[in-house]
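Asker: Have a look at this one.
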Amino acid sequence: MSVEWVEAETNTHQDHVIAHVVGATALGYFVADEALHFVLDIGFIWSLYVDGEMGLVLERVALAELNETEEIRDELTADVCALHEHGVHAGTLARVTVAPEGCSIEEVSVYRSDGQLKFMIRGEEATLIVMSRIAPPGIHVYREDATLADSAID
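When we follow my numbering, the leftmost residue of the sequence shown carries the number 7, and every step to the right adds one.
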């Protein structure tokens, strides 16, 4: 049985956040606090929560507000700095997964189906698909070719 996805309506806040991330490049991503957080080349972190809400916050503020230990926040901060210095060529990082090359965000679409959400993040050369569900909480990132790029909250 195949899943039927329907385009989800986005609210004004989501539309505003999406408008700001289009044109930015995703350098990497990590999971914390039941959300997937994208490190963007513009000094902000774009958060996608399992319930579909979004946030766009300055990196230093976003990292400081995470419900994580100081050690984990320090590792995330070091990873974010490495991404800004080396981009997608940063190599293996402690907490952040490096985004595929060519993730300059051109379009963001949101779909829903039976308690699940799918975010299609189309880049210049690469597309990421973020799948989330509220119950039980879960969030996963796939590359357009449907290979699991990263797994989170499960």
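In this text, a Cβ means the ideal position worked out from N, Cα and C, and glycines have one as well. Computed from a predicted structure; not experimentally measured.
As a quick exercise: from 113, 145, 69, 131, pick the residue whose alpha carbon is nearest that of residue 49.
Answerer: When 113, 145, 69, 131 are compared, the shortest CA-CA separation from residue 49 is found for 69.
Asker: Within the continuous alpha helix (DSSP H) that includes residue 75, where are the two ends?
Answerer: Segment: none, residue 75 is in no alpha helix (DSSP H) and carries neither H nor E.
Asker: So is residue 39 buried or exposed if we call it buried at 16+ other beta carbons inside 10 Å?
Answerer: By the neighbour-count rule (16 or more Cβ atoms within 10 Å), residue 39 is not buried but exposed.
Asker: Secondary structure at residue 159, three-state DSSP: helix, strand or coil?
Answerer: Unreliable positioning characterises residue 159 in this predicted model, as indicated by a pLDDT of 46, which lies under 50. A coordinate reading is not provided.
Asker: Roughly how many angstroms lie between the CA atoms of residue 143 and residue 93, to the nearest whole one?
Answerer: 30 Å
Asker: Whole angstroms are fine: how far does the CA of residue 37 sit from the CA of residue 13?
Answerer: Cα to Cα, the separation comes out at about 24 Å.
Asker: From which residue to which residue does the beta strand (DSSP E) around residue 54 run?
Answerer: 50-55
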